[in-house]
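Asker: Each residue of the sequence shown is one higher than the one before, starting from 452 at the first, in my numbering.
Just so it is clear, CB atoms sit at the ideal spot from N, CA and C, and this is done for glycine as well.
Below is one structure. I have some questions about it.
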Amino acid sequence: MIIDEIALSMHRGLTPKTAVHLLEIFGTAAAVYGATRRDLTDVAGLRYDLAREIVEKKFHTQAETELRLCRKKSVGPIGVSCPYYPRLLRETCDHPIVLYTWGNTTALQTDMLAVVGTRKISQYGTAVCEKLIGGLADLKSGLTIVSGLAYGVDSAAHRAALAYGLPTVAVLGNKLPRVYPASHTMLADKIIESGGAIISEMHSGAYEGRTNFIARNRIIAGMSRGTLIVESPEKGGSMITAEMAFGYDRAVMAVPGRITDENSGGTNRIIRLMKAVAVCKATDIVNELGLKSAIALQNKSSEEPIGNINTGDPVLDLIIDSMDGVTADHISDRTGMSASEVLAKLFTLEMEAKVRKLPGGRYVKI
């Protein structure tokens with residue numbers, strides 16, 4: 452029930468990770484509030500004061516007030532049990548219990564790509580956003596562009612998505628209905644008008660501070676299949692987002708830049724550390740994410756039919772024909788080859804740019 456989920460998100464001593472832990476143990480927010488204090492302390496390991504707050508339903512009155520306020524301001528709260536809650540975000544260990552939304556919640560059910568970077572974007576960074584996002588539109592990738600509505604790369608990504616007809620979602624680090632920065636209010640309106648959404652995890656009584664933007668970054672990384680860093684110095688919010696995406700085992704990509712540019716320090720570094728794949732064109736993104744429709748369109752003009760790549764090596768051909776986003780173990784089972792043989796052949800195919808490894812150890816044809 453949404454009231455229980457809102458109330459659970461209001462306990463100040465309850466971190467998102469601990470709230471998720473409670474849901475894993477008891478199943479639902481309603482079941483958490485139906486638990487005894489002993490269950491909460493002995494089974495779930497909660498502090499006594501937090502367990503008492505939950506048993507007493509300390510924040511249910513505020514949650515009811517919050518729901519009325521949301522309806523008055525046309526803000527839609529989505530609890531983690533709601534089918535509109537982003538599927539990939541739900542898989543993370545510290546997801547918000549409630550998201551507050553404006554706009555089209557079905558946009559949250561699409562495949563999403565986070566595009567982030569420095570607030571001090573250069574002309575190069577703006578051109579990169581337009582080229583890559585425009586290329587994703589041409590490839591009919593089906594991706595929704597996610598960013599944080601901030602100055603720089605964030606707003607450039609949202610604007611490029613709007614210009615090329617891709618849906619876009621903005622994740623805010625402040626409470627709705629306020630838009631921050633205020634100068635991006637018109638941009639937020641255009642996002643909603645185009646079928647996108649504005650979301651935040653913050654209820655009306657939440658404290659707003661700088662740390663909220665770091666918490667916001669985990670939502671951007673967690674709800675997206677991959678995160679692309681366009682321009683970034685070695686330290687900054689986009690590097691934190693990249694680390695979070697890497698920790699969630701999501702695809703991390705970065706646009707390389709000149710070694711003399713400060714804004715290329717972060718992107719070049721994570722590429723060098725092999726934490727990110729270098730991206731120079733839209734097809735690099737669809738290949739890294741394993742987007743079949745876009746890959747098929749990319750190869751439509753190829754002389755060879757899709758799915759019939761002839762390497763000249765019958766063993767390699769057998770592996771390619773066996774693959775459709777599966778793991779090396781699955782390929783081994785299908786072909787009868789040993790795991791070591793499969794991995795060696797897969798490495799060869801990667802070097803020949805015939806296959807690509809995705810997060811989770813899955814492989815797809817290129």
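1) Please return the same chain residues whose Cβ sits closer than 7 Å to the Cβ of Ala672, not counting the five positions on each side in sequence.
2) Can the beta-carbon of Lys468 be found less than 7 Å from the beta-carbon of Asp589?
3) Grab me the residues of Leu539's own chain with a C-beta within less than 6 Å of its C-beta, minus the 5 sequence neighbours each way, in chain order.
4) Go ahead and label Ile722 buried or exposed: buried means 16 or more other beta carbons lie within 10 angstroms of its beta carbon, across all protein chains shown.
5) Tell me which residue opens and which closes the beta strand (DSSP E) that Ser651 is part of.
6) Under 6 Å Cβ to Cβ from Asn759, same chain only, skipping five residues before and after it: list those, please.
7) Answer with buried or exposed for Cys580, where buried requires no fewer than 16 other C-beta atoms within 10 angstroms of its C-beta.
8) With a Cβ-Cβ cutoff of 7 Å, do Ala648 and Gly554 count as a contact?
9) Whole angstroms is fine: what's the gap from Ile457's alpha carbon to Gly716's?
10) What did DSSP end up calling Ile710 once you bin it into helix, strand or coil?
11) Quick one: what's got a C-beta closer than 6 Å to Ala612's C-beta in the same chain, skipping five residues either side?
12) For Ala795, which beta-bridge partners are listed by DSSP?
13) Quick one: residues in its chain with C-beta nearer than 8 Å to the C-beta of Glu515, no 5 flanking neighbours on either side, listed in chain order?
14) If you measure between the beta carbons of Ser460 and Val567, is that distance less than 7 Å?
15) Short of 7 Å in beta carbon distance, which residues of its chain neighbour Tyr602, apart from the five on each side in sequence? Order them along the chain.
16) Using 10 angstroms around the beta-carbon of Phe510, count the other beta-carbons present and answer buried if the total reaches 16, otherwise exposed.
17) Could you tell me which uninterrupted alpha helix (DSSP H) segments, each at least 4 residues in length, are contained entirely in the segment 541-594, listed from first to last along the chain?
18) Taking only the alpha-carbon atoms, compute the straight-line gap between Thr561 and Tyr535 and give it to the nearest angstrom.
19) In the DSSP assignment, the alpha helix (DSSP H) including Thr487 goes from what residue to what residue?
20) Compare the Cα-Cα distances from Gly576 to each of Pro707, Val703, Val506, Gly599 and report the closest residue.
21) With which residues is Gly677 paired in a DSSP beta bridge?
22) Which one of Gly496, Gly485, Arg498 has the shortest CA to CA distance from Lys508?
23) To the nearest angstrom, how far is the alpha carbon of Thr778 from that of Asp735?
24) Are Val703 and Lys686 closer than 7 Å when you measure CB to CB?
25) I'd like the span of the alpha helix (DSSP H) that includes Pro684, first residue to last.
26) For a quick check, are the C-beta atoms of Val806 and Leu800 less than 7 Å apart?
27) Could you give the distance in angstroms between the alpha-carbon of Phe664 and the alpha-carbon of Ser606?
28) Which residue marks the beginning of the alpha helix (DSSP H) containing Tyr499, and which one marks its end?
29) So is Met774 buried or exposed if we call it buried at 16+ other beta carbons inside 10 Å?
30) Does the beta-carbon distance from Ala502 to Thr492 come in below 7 Å?
Answerer: The relevant details are as follows:
1) Ala565, Thr678, Thr692, Met695, Ala696, Tyr699, Arg701.
2) Not a contact, by the Cβ cut-off of 7 Å.
3) Excluding its 5 nearest sequence neighbours in each direction, Leu539 has C-beta neighbours in its own chain below 6 Å: Met674, listed in chain order.
4) With 16 or more Cβ atoms within 10 Å of its Cβ, Ile722 is classed as buried.
5) That run of the beta strand (DSSP E) goes 648-651.
6) Residue confidence is low: Asn759 scores 43 on pLDDT, short of 50, so the model does not pin down where it sits. No coordinate-derived value is stated.
7) It counts as buried.
8) Yes. Within cutoff.
9) Going from the Cα of Ile457 to the Cα of Gly716 covers about 41 Å.
10) Ile710 falls in the coil class under three-state DSSP.
11) Closer than 6 Å at the Cβ level, and outside the excluded window around Ala612, lie Ile584, Ile596, Thr619.
12) Partner(s): none; Ala795 has no beta bridge.
13) Take Glu515, set aside five residues on each side of it, and the residues of its chain with a beta-carbon closer than 8 Å to its own are Ile454, in chain order.
14) If you check the CB distance, Ser460 and Val567 do not come in under 7 Å.
15) Same-chain partners within the cutoff: Arg570, Pro632.
16) Label assigned to Phe510: buried.
17) You should have 574-589.
18) Cα-Cα distance, rounded: 10 Å.
19) For Thr487, no alpha helix (DSSP H) encloses it, and the DSSP letter there is neither H nor E.
20) The option with the nearest alpha carbon to Gly576 is Pro707.
21) Under DSSP, Gly677 forms a beta bridge with Leu564, Ala702.
22) Each of Gly496, Gly485, Arg498 was checked against the Cα of Lys508, and the nearest Cα belongs to Gly485.
23) Pairing Thr778 with Asp735, the inter-Cα distance amounts to about 21 Å.
24) Cβ atoms of Val703 and Lys686: not closer than 7 Å.
25) Per DSSP, Pro684 belongs to no alpha helix (DSSP H) and is neither H nor E.
26) Contact: yes.
27) For Phe664 and Ser606, the distance between alpha carbons rounds to 15 Å.
28) For Tyr499, the enclosing alpha helix (DSSP H) covers residues 499-506.
29) In this prediction, Met774 has a pLDDT of 46, which is less than 50 and means its spatial position is unreliable; what the coordinates show is noted afterwards. That one is buried.
30) Yes.
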